[in-house]
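*Asks:*
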Amino acid sequence: MTTMMCCSLYSSKSSSARARNTNAKRLRKSGKKKISHFPISSRIRAQSSSSPSGTSSSSNDAKKVSSGNKKTKNNTNNKNTKPAPRRKTAKSSTTDSDASDFDVGKEKEKLKGEALKAASDAISLLQSYEQMQFLCNTKEDKDVKEFTVPSTPVCGAPVKIFLDASKSSSLRENSKTWEEGVTCTVGFNEWQFGEAVDVEMTQIPETSWFECTLPGGELSAEAFEIEYVFKTKGGDAYENNNEQNFTKETMFPRKTKKELLEEEELKRTDKEDEQNAAEIISRIQTSIEERQEKSFTKFEKYERTIFETESGEKLTQGYATKQKIAWNKAQNPIGGFACSSLKAHCGFSNWMNGVEQVQEMTPIAPSERFPADEQNCWFEFIVQVPKFATSVEFVVSDADEVSWDNNESNDYVVAVENANEAEDWLKMQTMLAAELKQKRKQAKIDEEIARVKAEEERLQLKAAAVEISLKQQRHIITCEPLTPQAGQKCTVRYNKNNTNLSFAEDVYLTGGFNRWKHANNLPEPLKMHKPVNPETDPFYTIEIDVPSDAWMCDFVFSSGVGEGAQYDNRGGKDYHLPTNGSTEKAPPLHIINIAVEMAPIAKVGGLADVVTSLSRAISDFGHHVEIILPMYSFFNSSPLLGAREFETNFDFGGCGITVTKCRVEGVMVFFVEPSNGMFARDAVYGWNDDASRFNFFCNAALEFLLKTGRQPDILHCHDWSTAEVARAHWENYHHNGLWKPKVAFTIHNMNYGQAKLGEAAFHSQMTTTVSPSYAGEVSGHPAVSGNLHKFHGVRNGIDPEIWNPATDNFIPMKYDADSVVKGKKAARDELRSRLGLTGYGDKPVVGVISRLTAQKGIHLIKHAAHHTLSRGGQFVLLGSAPDPKVQADFNGLGAQLGGEDAGFFFAFDETLSRLMYAGCDVIVVPSMFEPCGLTQMTAMRYGTVPCVRATGGLRDTVFDVDTDKARAAWEINASTNWELDGENGDCTNGFSFEGTSEGDLDYALDRCIDAFWNDTKWFRSLQARVMRQDWTWNKPALEYIDLYYQSIGK
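Position 168, counted from 1, in the sequence shown is what the UniProt record's numbering calls 168; the numbers after and before it change by one each time, with no gaps.
#1: Based on Cα-Cα distance, which residue from L738, D537, V784 lies nearest to Q711?
#2: C920 CB to nearest chain B CB: under 9 Å?
#3: Figure out for me which residue from D398, K439, V392, V396 has the closest Cα to the Cα of A415.
#4: First and last residue of the alpha helix (DSSP H) that includes M428?
#5: Could you check what DSSP says for H624 in three-state terms: helix, strand or coil?
#6: Secondary structure at Q127, three-state DSSP: helix, strand or coil?
#7: Using the C-alpha atoms, what's the distance from A744 back to A826?
#8: How close, in whole Å, do the beta carbons of M361 and K343 come, if the pair is a contact with beta carbons under 8 Å?
#9: Hey, how far is the Cα of I382 from the Cα of K322?
#10: Is it right to say V507 is buried, meaning 16 or more other beta carbons lie within 10 angstroms of its own, or is it exposed?
#11: Mark C479 as exposed unless 16 or more other C-beta atoms lie within 10 angstroms of its C-beta, in which case mark it buried.
#12: Give me, in chain order, the residues of the same chain whose beta-carbon lies closer than 6 Å to that of E971; leave out the 5 immediate sequence neighbours on both sides.
#13: To the nearest angstrom, how far is it from the Cα of I861 to the Cα of N732?
#14: Rounded to whole angstroms, what's the CA-CA distance from I1041 to I714? Just pull it up for me.
#15: Using alpha carbons as the reference points, say which of D921, V925, T976 lies closest to L1022.
#16: With a 10 Å radius around its C-beta and 16 neighbouring C-beta atoms as the bar for buried, classify Q317 as buried or exposed.
#17: Please classify Y302 as buried or exposed, where buried requires at least 16 neighbouring CB atoms within 10 angstroms.
#18: Rounding to the nearest angstrom, what Cα-Cα distance links E563 and R515 in this structure?
#19: So, is Q765 buried or exposed, given that buried needs 16 or more other C-beta atoms within 10 angstroms?
#20: Please state the DSSP three-state secondary structure of F704.
#21: Where does A939 land, buried or exposed, given buried means 16+ other C-beta within 10 angstroms?
#22: For W191, which residues from the same chain have a beta carbon less than 7 Å from its beta carbon, with the 5 sequence-adjacent residues on both sides left out?
#23: I want to know whether the region 513-529 touches the region 539-550 - three or more CB-CB distances under 8 Å.
#24: State the Cα-Cα distance for the pair A433 and N989, rounded to the nearest angstrom.
#25: Can you give me the C-alpha to C-alpha distance between H529 and Y540, rounded to a whole angstrom?
#26: For A974, I'd like the list of residues in its chain whose CB is within less than 6 Å of its CB, leaving aside the five on either flank, ordered along the chain.
#27: Touch check for the region 688-696 and the region 612-628: three-plus C-beta pairs under 8 Å?
#28: Which value, in whole angstroms, describes the spacing of the CA atoms of P805 and E830?
#29: Tell me which residue opens and which closes the beta strand (DSSP E) that C717 is part of.
#30: Which of the three DSSP states, helix, strand or coil, is assigned to I601?
#31: How is the alpha helix (DSSP H) around H576 delimited, first residue to last?
#32: So, V154 versus A119, is the Cβ gap smaller than 9 Å?
#33: Is D964 buried or exposed, if buried means 16 or more other CB atoms sit within 10 Å of its CB?
#34: In whole angstroms, what separates the C-alpha of L1043 from that of R663?
#35: Which partner residues of N649 appear in the DSSP bridge assignment?
#36: So for F503, helix, strand or coil by DSSP?
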């Protein structure tokens, strides 16, 4: 690397620059060392005030130019490129698009010119040390360690870099910094463009600041980013922003980082397509002889002809020729025995491009060659063979593409006369490369369409969850209009008959706004008007004025005023109705989750998924959510944590604590790392000191909040591992500065650390577990029985981005509820192929994805395997047992039943699990107890019907098609009468049973398999129905937000 003095970079200056330097000298001669009466920024603004767009020349104003230009940066031209002239029609007028392009380009050039002038002026005004001193002094109170002028560097303009060495601990404490000086090492485009350059910095007199000017006089147009670090001249000490370097994006580079990356990616994919095309052609050439041996002009099986070509010869290449193939349906149940229409799905050269032609198959009139008898029922179809095809492959389906025949997974292969020469192969390779490129391009378009569709679905589900939560209150409270309008009157309607005030003669409303924080809450309780005809309309009413800045209306109802009155405050949560049109926005809650697991970076069990997904869901509703984790040593190798930044450090518990931060899955995460090596372990759990380590972490997390002045609304701790937070907060921190937070505590597993669970339940303001039914089942447990007044069941959800068949790359065909039949058919075929199952007869596929433990009902899992096969279905299992004896038992089961109708895989496999969720028709979950369960919800997301034991979260998510119609309608649609809701009234989604015996399981599984065999069309519609139901975190997040507000008294 070369070293350059900053003064040499400006050996040639313009006359205007020299004039400005002369003015600066005059200021020094007059003794004006402080220019406080004439700030630089003011002078820059004054000089630029005549700009047509009002563009400022200061570094801050240069930022505004950058911001204003972001809309057109992808069209940024090189600074020497002239705008394209207007193209004129015969009438000498421009088209709208031409005019728009011209205007955008012209505006861009104008902005670029203004930015260049602003940058040059800002640098020119910093030629004297007095001016630099003043500028640096403005940064002193802002704790700025370094900055550039302009703050956003402009390509084509000079750039100055400033450093306050006193704010760098490594430089400040090294004597060489002050004796020999500092060097700035500058690079470009992530250190990839050109060579890094060492630039000697100059110390600004009477300050701790150093400055230098970027080498070359102006910033290269090739630089989309500047990187720089600082060091002493001898390299003894460095300041590299905690190994993150200092970086600045630039304005108006010739190509942005995104454009360069896209350009490189295009070159890479083009080369990859060419290589793939060459490999495919090579394989085809190699396999021609082998393929020809497996292809036929006449194919016989079971002592009868199955297909033959019309000509009796090999098919010829060329789209121009339409050739017929006859296929014998006799004794094949596909389409039924009286069907008149089938479909042939054709591909070529061993399915090189998948299915390329779908042709209708029609019956052939009986003849001597194609008779009609027990052995013969002939259909024919037309195929057009591409020029380069070496074989024709086809499979047969019924008209609805429900039943299929693929020759027992061997396909039907028709021989083709190969007439390809060397030149033809080369042409074929070129064409194939172009097709691969087009497919890649289309895949990218399809991916973006799917992304947009998924985002639309996410917003729709989110809005629907809010609507359902409000709708489930309307049998008690509603308004006219249904959504109160800010700044207008609304009539509140209340039905006391459905509340604890059913006895009351009179009803009073106590009202407020904005979670009771509004200055104009209703001054006193209002007596509501009695219903005129309580038999037909039992609602009490009162009209109120909604303030224009009210984003929420808040209500409590009572039987009277003062002592002796009884109240309905919705179990302590109060009634809240959001408004439309408020001039103010609701302030966000600040929630901090303190946990020892988080998916995907530290996942052991379901707790990790909850911490991540719940945080994301609540953040999506507009709240500020953060997470605090221990800094495990295995995080250092995580590719997701490469952007960790230093946050703070402090002493605690006899050691130093360093806190870093990084955004993970869209949520800011803080990592607490004690210097005593307490979390320098390669796993989350598994040591004898786990309890003491996690207690230390909980206290260190609270100390971090205290030291940094954070005052969240809610501290949310999880399970025994961070239960210590609740006690430590109230006993050690609340009265010592951490005054604001309330504590929420979630129990994910009642089997561990029960003393800590009870302690946290006592100290927390709200305690939850992972489903309403499970909360009822464990309500007698000593850990929670004394605090049931604040114990709630809130079911977990699944992440719709992680589990989405419309975007899942691990299944053979992406699909949604509208294409569920085709999508699951493709997945079913792939699943059968992978596990060696037969596809004959399209039998129902029943699956189990589970740990093989007593809790999961292993005796019923084994029975499900036997019973499914006895009912003509196919059974697949993915799971393993931690107990060797149990595993050996299932190994025996696999050996006994495994074959063409049963497959077993005794190890976790992410890809296979997704294929099973998509490929199974039914998922069986026969748990003895299940706090929540994610398997059944994930299965429904993929259109697989659940068959479950009605316990815990399984009962809260699966509604039996025969017995749960009313409960399903209420939970899914907030409907009180499913029969009046028409075709959308039935919201049931599966089959359930109550007991624990094999006969109890048969009750549900038999009904499920019967439905498949007796009414396949209805069963497929049930699969589409379960896909449309929302089992994401939307509704649970709203319930948690409600509980958070209750905890803080709002």
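Here a beta-carbon is modelled for each residue, glycine too, at the ideal position from N, C-alpha and C.
*Replies:* Reading off the structure:
#1: The candidate whose alpha carbon is nearest that of Q711 is L738.
#2: Absent from the structure is chain B; it holds one protein chain and no more.
#3: For the residues D398, K439, V392, V396, the minimum Cα distance to A415 belongs to V392.
#4: Start and end: 422-471.
#5: Here H624 sits in strand by DSSP.
#6: DSSP, reduced to helix, strand and coil, places Q127 outside both helices and strands of the structure shown, so it counts as coil.
#7: The alpha-carbon separation between A826 and A744 amounts to approximately 45 Å.
#8: Rounded to whole angstroms, the Cβ separation of M361 and K343 is 6 Å, and the two are in contact under 8 Å.
#9: In a straight line, the C-alpha of I382 is about 6 Å away from that of K322.
#10: Answer is buried; the Cβ neighbour count reaches 16.
#11: Burial call: buried.
#12: Short of 6 Å from the beta carbon of E971, and not among the five residues preceding or following it, lies no beta carbon of its own chain.
#13: Rounded to whole angstroms, the separation of the alpha carbons of N732 and I861 is 49 Å.
#14: About 10 Å.
#15: Per the Cα distances, D921.
#16: By the neighbour-count rule (16 or more Cβ atoms within 10 Å), Q317 is buried.
#17: Y302 comes out exposed.
#18: So the two alpha carbons sit approximately 24 Å from each other.
#19: Q765 is buried by the Cβ-count criterion.
#20: Reduced to three states, the DSSP call for F704 is helix.
#21: Under this definition A939 is a buried residue.
#22: Once the five neighbours on either side are set aside, the close Cβ partners of W191 are E227.
#23: Between the region 513-529 and the region 539-550 there are three or more inter-stretch CB-CB distances shorter than 8 Å, so the stretches are counted as touching.
#24: Straight-line Cα distance between these residues: approximately 46 Å.
#25: Cα atoms of H529 and Y540: separation of roughly 5 Å, rounded to the nearest angstrom.
#26: Same-chain partners within the cutoff: I468, K471, Q472.
#27: The answer is no - the region 612-628 does not touch the region 688-696, with fewer than three Cβ pairs under 8 Å.
#28: C-alpha separation (whole angstroms): 15 Å.
#29: Run containing C717: 714-718, per the beta strand (DSSP E) assignment.
#30: Here I601 sits in coil by DSSP.
#31: First-last for H576: 575-578, but that is the beta strand (DSSP E), not the alpha helix (DSSP H).
#32: If you check the CB distance, V154 and A119 come in under 9 Å.
#33: By the 10 Å Cβ count, D964 comes out buried.
#34: In a straight line, the C-alpha of L1043 is about 26 Å away from that of R663.
#35: Beta-bridge pairing links N649 to T658.
#36: Three-state DSSP puts F503 in coil, outside helix and strand.
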